[in-house]
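Q: Structure incoming, see below.
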Amino acid sequence: MERSRRLFETETHGGRAVYRLHAVTVAAGILLLLYYRATRVPAAGEGRAAWLGMLAAELWYAAYWAVTQSVRWSPLRRRPFRDRLAARYGERLPCVDIFVCTADPHSEPPSLVISTVLSLMAYNYPAEKISVYLSDDGGSILTFYALWEASLFAKHWIPFCKRYNIEPRSPAAYFSESDGHQDLCSPEEWSLIREMYEAMTERIDTAVLSGKISEEVKANDKGFHEWDQENTSKNHQATVQIRVSSVISNSPIIMNVDCDMYSNNCDTIRDALCFFLDEEMGHKIGFVQFPQNYNNLTKNNIYGNSHQVTNQVLMGGMDSVGGPMYVGTGCFHRREILCGRRFTEDYKEDWDGGIKDKTQENIDEIEEKAKSLAASTYEHDTQWGDEIGIKYGYPAEDIITGLEIHCRGWKSVHSNPPRPAFLGVAPTTLAQTLLQHKRWSEGSFSIFLSKYCPFMFGHGKIKLRHQMGYSIYGLWAPNSIPTLYYVIIPSLALLKGISLFPEITSPWITPFIYVLCVKNMYSLYEALSCGDTLKGWWNEQRMWMVRRITSYLYGLTDTVRKLLGLSKMTFAVTSKVSEQNESKRYEQEIMEFGSSAPEYVIIATVALLNLICLVGGLSQILTGGRNILLNVFSPQLILCGMLVITNIPFYEAMFVRKDKGRIPFSVTLASIGFGMLALLVPIV
């Protein structure tokens with residue numbers, strides 16, 4: 001097929017030859033340092049146990065690094081051509097069902113949720129071909145009320161958006177960014193729409209604070225009187241949406257987003273259709289995944305939530321080996337693949353299905369069918385949640401759903417346009433960040449240990465590199481143990497005069513220095529090329545360590561507890577709400593602690609322990625002279641010193657800061673106690 005007829009193009013990232021040379025040399029360095037570790041084990045009583053622990057940690061790092069190379073070898077970029085789509089299909093485009101999911105009106109404010117809903121309703125797409133569904137796992141009538149208010153405001157907001165072609169089409173985002181002067185509308189009209197929006201959000205926020213809806217409002221819609229108080233998160237809302245939408249709109253394309261991920265590009269649907277409707281490859285594509293981006297990141301990404309390298313390199317790399325995983329939001333699926341269809345070369349999608357098929361049915365009949373399909377008992381003794389619909393039973397059910405789709409023969413593509421398709425709310429406190437990563441690591445590790453382990457479930461169905469790509473996230477949690485070992489044991493050995501690295505004058509120090517320096521230099525280059533700052537990269541390195549010794553450690557232990565039957569699976573919602581002072585500190589890029597959470601004790605203990613070991617190591621150098629500096633302590637001293645520099649914000653939070661976001665004195669005291677106990681650990 002001629003290139004000019006394709007609805008999208010594919011290109012590889014530049015600089016791959018340089019990266020492959022880098023990877024080969026790093027691999028050689030890793031093999032050399034492992035050989036050194038394995039062939040120079042000290043005698044008993046001279047640090048043998050600590051040495052073998054270092055060998056085990058480095059073996060794990062080497063294996064995990066090899067797994068990550070599966071998707072870094074040849075990442076792809078996709079570019080859709082909306083102009084070609086328009087020329088070929090005009091407005092003869094398929095219907096689209098849009099699913100928005102929320103869980104808790106207090107962690108995810110209804111005013112935020114309906115702003116997302118309004119942005120999706122205002123897509124640059126024929127209005128009669130879009131159906132938007134909102135599900136609330138918490139079953140809150142407050143969310144229903146907010147949606148009812150939004151339906152009234154939408155009659156003014158959507159025409160306003162399309163009349164003046166404004167972006168973004170989330171009213172919350174739009175009014176926070178625009179003063180109306182740069183738009184085509186008159187100041188009077190702009191002010192009127194803003195006043196209507198602010199009045200609506202004030203009514204919604206007031207209802208949420210009071211926790212109830214007035215009888216006067218309830219009289220306006222029968223839905224308030226038919227509210228199902230028994231609705232819970234166990235009813236599997238995403239699957240319910242698929243069933244219910246099948247009798248209302250039944251569109252061949254289903255898009256889903258989280259409640260905080262508003263549309264930032266009104267042409268995203270058309271971008272996705274460029275992949276599905278492409279004559280050469282479209283019939284193979286099961287879903288199109290857009291990346292997660294955030295609108296509230298600080299300049300230097302204080303909590304490491306940017307994901308730019310993940311979006312541009314890792315997800316693009318998975319695209320090259322079979323397709324990116326389904327991340328649970330910002331994704332377009334074929335309806336039929338969510339209903340269990342396997343890929344066959346002769347399969348042809350009926351793009352004409354959808355809303356118009358239902359126009360002849362009685363509205364009351366459709367409503368009764370929808371209610372029966374939404375019942376929590378409907379799926380008992382059926383294949384829903386197993387062979388049909390979204391997989392559930394695991395915290396990261398979206399990953400299993402995507403893996404199962406790939407194993408049925410479908411491909412997926414990753415679309416990362418210059419203007420982000422969706423923008424959400426990143427965690428603005430350390431606690432929120434750690435909770436989010438704990439949930440992700442726990443869910444992914446649970447999958448890795450289940451029948452859905454990519455290496456077992458995907459064997460013979462998807463490529464080995466694709467299996468490895470899925471496993472990158474499944475192995476997050478076990479990374480906690482070698483990381484915790486590496487940030488504690490070498491520092492303790494430094495204090496006790498035991499060398500765990502080659503002498504600084506030994507040629508064997510070369511692979512250690514090479515791997516450390518080259519990996520970090522390339523990591524910095526990669527971050528800068530993806531749009532991060534130097535300080536942002538440094539903050540990411542700090543958070544890389546913090547997540548591993550807290551979130552991933554808890555994810556690991558909780559998964560093991562569940563396997564042993566000591567606890568049950570839970571789903572924790574990351575709060576989208578912060579106090580005013582917390583938000584101010586976040587904008588100033590000051591880390592937020594403020595509570596006596598156990599994870600803060602771990603962070604503070606590791607920081608204090610390394611500070612004590614560094615001071616002790618320097619004291620020995622000053623009293624021991626040049627030979628000790630050159631021949632024994634230098635590698636460990638550098639490692640300990642880098643950890644201390646990395647931990648500077650934690651020392652400030654313990655000993656310098658006076659605001660409410662500092663580390664509480666009780667945490668500092670507990671950390672000092674644990675640090676003193678750690679000093680008693682023998683290095684044998």
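Under full-length UniProt numbering, think of the first position of the sequence shown as 1, with each following residue one higher. Cβ coordinates follow ideal geometry from the N, Cα and C atoms, glycine included. These figures come from a predicted structure and were not determined experimentally.
If you draw a straight line from the alpha carbon of Leu-534 to that of Met-591, how long is it in whole angstroms?
A: 18 Å
Q: Out of Ser-176, Val-247, Met-315, Asp-104, state which residue places its alpha-carbon closest to the alpha-carbon of Thr-68.
A: Measuring C-alpha to C-alpha distances from Thr-68 to each of Ser-176, Val-247, Met-315, Asp-104 identifies Met-315 as the nearest.
Q: Is it buried or exposed, Val-117, if we count other Cβ atoms within 10 angstroms and call 16 or more buried?
A: buried
Q: Secondary structure at residue 707, three-state DSSP: helix, strand or coil?
A: The shown model of the chain, from 1 to 684, leaves out residue 707, and the question about it has no answer.
Q: Using three-state DSSP, classify Gln-308 as helix, strand or coil.
A: helix
Q: First and last residue of the beta strand (DSSP E) that includes Thr-102?
A: 96–102
Q: For Ser-491, collect the residues of the same chain with a Cβ closer than 6 Å to its Cβ; drop the 5 residues on either side in sequence, then sort them by chain order.
A: Asn-610, Cys-613, Cys-640
Q: Please list, in chain order, all residues of the same chain as Ser-170 whose beta carbon is under 6 Å from its beta carbon, the five residues on each side excluded.
A: Ser-115, Ser-119, Tyr-262
Q: Counting along the chain, where does the beta strand (DSSP E) carrying Cys-331 start and finish?
A: Cys-331 -> beta strand (DSSP E) spans 331–334.
Q: What residue range does the beta strand (DSSP E) around Asp-289 cover?
A: A small fix is needed here, since residue 289 is Gln in this sequence, not Asp. Element bounds for Gln-289: 285–289.
Q: Going by beta-carbon coordinates alone, are Pro-75 and Val-327 separated by less than 9 Å?
A: no
Q: Does the contact criterion of 3 or more C-beta pairs under 8 Å hold for the region 51–70 versus the region 289–306?
A: no
Q: Using a Cβ-Cβ cutoff of less than 6 Å, which residues in the same chain neighbour Arg-5 once the five nearest sequence positions on both sides are dropped?
A: none
Q: Run the CB neighbour count on Asn-165, radius 10 Å, all protein chains shown included, and call it buried at 16 or more, exposed below.
A: Around the beta carbon of Asn-165, fewer than 16 other beta carbons lie within 10 angstroms, which makes this residue exposed.
Q: Can you tell me whether Phe-571 is buried or exposed, with buried defined as 16 or more other CB within 10 angstroms of its CB?
A: Its pLDDT being 49, under 50, Phe-571 is placed unreliably in this model, and the value from its coordinates should be taken loosely. Phe-571 is exposed by the Cβ-count criterion.
Q: Considering only the alpha carbon of each residue, which of Met-281, Val-132, Leu-297, Ala-173 lies closest to Val-257?
A: Val-132
Q: Hey, quick one: how far does the alpha helix (DSSP H) through Arg-84 stretch, first residue to last?
A: 82–89
Q: State the CB to CB distance for the pair Ile-253 and Val-100, rounded to an integer number of angstroms; the pair is presumed to be in contact (CB under 8 Å).
A: About 15 Å; that fails the 8 Å criterion.
Q: Please go through the same chain and pick out, in chain order, the residues whose beta-carbon is closer than 6 Å to the beta-carbon of Arg-84, but skip the five residues on each side of it.
A: Within the same chain, Arg-84 has close Cβ partners Leu-7.
Q: Among Arg-78, Asp-221, Asp-205, which residue has its Cα nearest to the Cα of Asp-278?
A: Arg-78
Q: Is the distance from the Cβ of Asn-124 to the Cβ of Lys-162 below 9 Å?
A: Going by C-beta atoms, Asn-124 is nearer than 9 Å to Lys-162.
Q: Give the secondary structure of Arg-169 by DSSP, where H, G and I count as helix, E and B as strand, and everything else as coil.
A: In the three-state reduction of the DSSP assignment, Arg-169 falls in the coil class.
Q: Work out the CA separation of Gly-616 and Phe-332 for me, nearest whole Å.
A: 57 Å
Q: Looking only at DSSP bridge pairs, what is Tyr-294 linked to?
A: The partner list for Tyr-294 (beta bridge, DSSP) reads Gly-424.
Q: Check whether the region 434–444 and the region 548–561 are in contact - that is, three or more C-beta pairs closer than 8 Å.
A: yes
Q: Sorted by chain position, which residues of the same chain lie with C-beta nearer than 8 Å to Glu-11's C-beta, five sequence neighbours on each side aside?
A: Leu-76, Arg-77, Arg-79
Q: Using only alpha-carbon positions, find the residue among Pro-454, Gly-402, His-283, Phe-343 that is nearest to Asp-475.
A: Checking the sequence shown, residue 475 turns out to be Leu, not Asp. Ranking the options by Cα distance to Leu-475, first place goes to Pro-454.
Q: Pairing CB atoms from the region 36–54 with CB atoms from the region 285–301, are three or more of them under 8 Å?
A: no
Q: Measure the Cβ-Cβ separation of Met-642 and Ala-607 and say whether it is below 9 Å.
A: no
Q: Determine whether the beta carbon atoms of Val-321 and Val-71 lie at a separation below 9 Å.
A: The answer is yes: Cβ separation under 9 Å.
Q: Strictly by DSSP, which residues pair up with Glu-11?
A: Arg-77
Q: Is it buried or exposed for Glu-9, if we count other Cβ within 10 angstroms and need 16 for buried?
A: Burial call: exposed.
Q: Could you check whether the region 656–664 touches the region 511–530, counting it as contact only if at least three pairs of C-beta atoms, one from each stretch, sit closer than 8 Å?
A: The region 656–664 is not in contact with the region 511–530.
Q: Have a look at Gln-308, Asp-104, Pro-682, Ile-193 and flag the residue whose alpha-carbon is nearest the alpha-carbon of Pro-420.
A: Minimum Cα distance to Pro-420 is reached at Gln-308.
Q: Does the Cβ-Cβ distance between Ala-173 and Tyr-294 come in under 9 Å?
A: no
Q: With a 10 Å radius around its C-beta and 16 neighbouring C-beta atoms as the bar for buried, classify residue 688 as buried or exposed.
A: Because the chain in this structure spans residues 1 to 684, residue 688 falls outside the shown range and cannot be described.
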